[in-house]
Amino acid sequence: MKISLIFVVLLILVFPLLAGASSTMFGLVFPQSGHSTQEEPVEAHQKPVPTKEMRQATGNPYDPIVSSSMNIPAIRLVQNTPVPAQPVPSSDTACSMIWKIPMSGITLPLWLTTPSNTSGLATQYDYADLGGELIRNGEVDASSCHDNGLLINGSASPCGQAAASEKVYAWQNQFDSLILDAAVANKVPAKLLKRIFAYESQFWPAVSDSGIEYGLGHVTLSGLDPLFQSYPEIYASICSIVFDETTCKISYADLPDDQKAMLRGYYLGNYVDPTCPDCLHGINMEKTRSSIDMFAKLLVANCKQVNGMIYNQTDRHAGSTTSYEDLWSITLANYNVGSGCVEAAIQKTYSLSYATLTWGNISYNLKDTCTQAYYYAESIKK
25 MKISLIFVVL LILVFPLLAG ASSTMFGLVF PQSGHSTQEE PVEAHQKPVP TKEMRQATGN
85 PYDPIVSSSM NIPAIRLVQN TPVPAQPVPS SDTACSMIWK IPMSGITLPL WLTTPSNTSG
145 LATQYDYADL GGELIRNGEV DASSCHDNGL LINGSASPCG QAAASEKVYA WQNQFDSLIL
205 DAAVANKVPA KLLKRIFAYE SQFWPAVSDS GIEYGLGHVT LSGLDPLFQS YPEIYASICS
265 IVFDETTCKI SYADLPDDQK AMLRGYYLGN YVDPTCPDCL HGINMEKTRS SIDMFAKLLV
325 ANCKQVNGMI YNQTDRHAGS TTSYEDLWSI TLANYNVGSG CVEAAIQKTY SLSYATLTWG
385 NISYNLKDTC TQAYYYAESI KK
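What follows is the structure in structure tokens.
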């Protein structure tokens with residue numbers, strides 16, 4: 025009995041020492057003091073999200089093409105259709121031809137597709153800002169809500185959103201046939217065009233709170249510049265109204281800046297800005313509808329601008345340096361913050377011999393207020 029007791033005591037004293045010397049003694053694992061057997065998670069590096077004040081900060085050397093005051097989650101489809109495992113059928117688009125990318129065999133994400141009919145464009149999203157506009161403008165009665173359906177910032181409150189939901193769903197889908205027609209006519213992805221409208225204006229086309237963004241796609245005065253550069257027929261048509269024949273013999277690119285601004289201002293006021301004091305809700309809906317084709321053309325114009333910036337650096341068309349999907353991400357960035365930001369990022373990326381012209385590398389080299397373009401593109405792609 026005494027011998028057995030001594031053996032037990034020795035085992036209690038010696039066993040931890042043996043375990044410390046060999047952490048796999050008897051097939052067991054003994055973690056060392058203060059350490060876990062699991063790896064610590066690595067925290068991903070993320071760029072800071074720019075504030076609205078940063079986006080509107082003066083002194084930005086780059087002239088923004090389109091900026092957004094909206095910050096909304098990803099778009100939700102009416103049908104919860106899973107992303108198909110098989111490639112989505114693809115065909116040549118205006119931008120694939122500009123970039124010299126053959127589309128045969130390319131698998132497209134849903135955000136870069138065009139459905140065969142409007143049911144494929146239908147969305148059912150609870151846009152709080154749109155709900156607020158509909159309540160304030162008398163389209164929705166939220167008087168039963170204790171807060172009249174509105175938050176302090178003008179968006180719909182939870183009660184207001186519940187009251188406005190059916191109207192919000194109908195409103196966001198009323199442009200679908202025109203979006204599809206414009207997308208097909210201009211060979212751009214219809215889903216992408218609608219997502220841009222959703223992010224920028226939530227389909228309420230009145231002038232933005234900043235007072236410088238117009239229409240469903242919140243284009244600015246300077247944002248029309250690529251349109252005039254890429255579509256000589258639009259330039260010729262507007263120039264013949266604003267200037268004399270001698271002036272219009274000069275290409276748009278060679279005009280003085282003040283004359284360019286006059287052309288863009290005329291076009292914006294007559295074809296894009298929906299402000300109409302005598303119209304219902306102060307919005308000219310006919311002008312809004314007719315401007316959808318212009319926004320499709322503006323996407324193509326931004327594709328051309330991206331191709332030109334890459335060609336200037338590499339002497340090659342964009343399709344030989346960058347994937348189709350990445351080029352669309354770069355185009356969205358260009359649409360959002362302008363060519364100054366994007367060209368600087370492309371130049372920086374190309375100057376690094378080890379860096380290829382991917383969206384990941386180019387977006388990493390967006391600096392200062394230009395970084396908002398990364399979040400803009402990624403939000404629209406969700």
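For the sequence shown, this note's numbering begins at 25 and goes up steadily by one. A virtual CB, placed ideally from N, CA and C, is assigned to each residue, including glycine.
Handout entry: For residue 398, three-class secondary structure by DSSP
Key = helix
Practice task
May I ask you to report which of helix, strand or coil DSSP gives residue 307?
Solution key: strand
Problem - residue 326 to residue 355 span [Cα, whole Å] - result: 6 Å
Practice task
Could you tell me the distance, in whole angstroms, from the CA atom of residue 119 to the CA atom of residue 150?
Solution key: 32 Å
Handout entry: Selection from 227, 270, 207, 174 that minimises the alpha carbon distance to residue 147
Key = 227
Practice task
Helix, strand or coil for residue 238, going by three-state DSSP, please let me know.
Solution key: strand
Handout entry: For residue 296, three-class secondary structure by DSSP
Key = helix
Problem - Buried/exposed call for residue 250, threshold 16 Cβ in 10 Å - result: buried
Exercise for the section: Determine the direct distance from the alpha carbon of residue 191 to that of residue 406, and round the result to whole angstroms. Expected result: 24 Å
Practice task
Have a look at residue 333 and residue 367 and give me their C-alpha separation to the nearest angstrom.
Solution key: 6 Å
Handout entry: Coarse secondary structure for residue 251, derived from DSSP in three states
Key = helix
Problem - For residue 121, the first and last residue of its enclosing alpha helix (DSSP H) - result: 118-123
Practice task
Tell me whether residue 212 sits in a helix, a strand or coil according to DSSP, three-state version.
Solution key: coil
Handout entry: contact_flag[the region 211-230, the region 136-143] where n(CB pairs < 8 Å) is 3 or more
Key = yes
Problem - Straight-line gap, residue 176 to residue 247 (C-alpha atoms, nearest Å) - result: 31 Å
Practice task
Please name the residue, chosen from 349, 143, 364, 272, that lies closest to residue 133 on a Cα-to-Cα basis.
Solution key: 349
Exercise for the section: Closer than 6 Å by C-beta to residue 357: which residues in its own chain qualify, once you throw out the five before and the five after it? Chain order, please. Expected result: 366, 397, 401
Practice task
Evaluate contact between the region 150-161 and the region 181-196, counting only Cβ atoms and requiring at least three cross-stretch pairs below 8 Å.
Solution key: yes
Practice task
Might you give, ordered along the chain, the residues of its own chain that have their beta carbon closer than 7 Å to the beta carbon of residue 286, omitting 5 neighbours on each side?
Solution key: 266
Problem - residue 233 burial status per 10 Å Cβ neighbour count (16 or more: buried) - result: exposed
Practice task
Tell me whether residue 231 sits in a helix, a strand or coil according to DSSP, three-state version.
Solution key: coil
Exercise for the section: Let me know the secondary structure DSSP gives residue 322 once reduced to three states. Expected result: helix
Problem - Distance, residue 257 Cα to residue 273 Cα - result: 12 Å
Problem - Between the CA atoms of residue 346 and residue 196 - distance to the nearest angstrom - result: 34 Å
Handout entry: Same chain, Cβ closer than 8 Å to residue 66, neighbours up to 5 away in sequence not counted
Key = With a pLDDT of 25 at residue 66, under the threshold of 50, the modelled position of that residue is not reliable, and no figure is offered here.
Practice task
Could you spell out the range, first to last residue, of the alpha helix (DSSP H) harbouring residue 188?
Solution key: 182-197
Practice task
Could you work out which residue in 230, 360, 125, 389 is closest to residue 301 when comparing CA atoms only?
Solution key: 230
Practice task
Using alpha carbons as the reference points, say which of 275, 117, 330, 208 lies closest to residue 130.
Solution key: 117
Problem - Beta-carbon proximity check, residue 243 vs residue 202, cutoff 9 Å - result: no
Handout entry: Spatial distance of residue 395 from residue 376 (CA atoms)
Key = 19 Å
Handout entry: Bridge-paired residues (DSSP) for residue 266
Key = Its beta-bridge partners do not exist; DSSP assigns none.
Practice task
State the start and end residues of the unbroken alpha helix (DSSP H) segment that holds residue 385.
Solution key: 383-388
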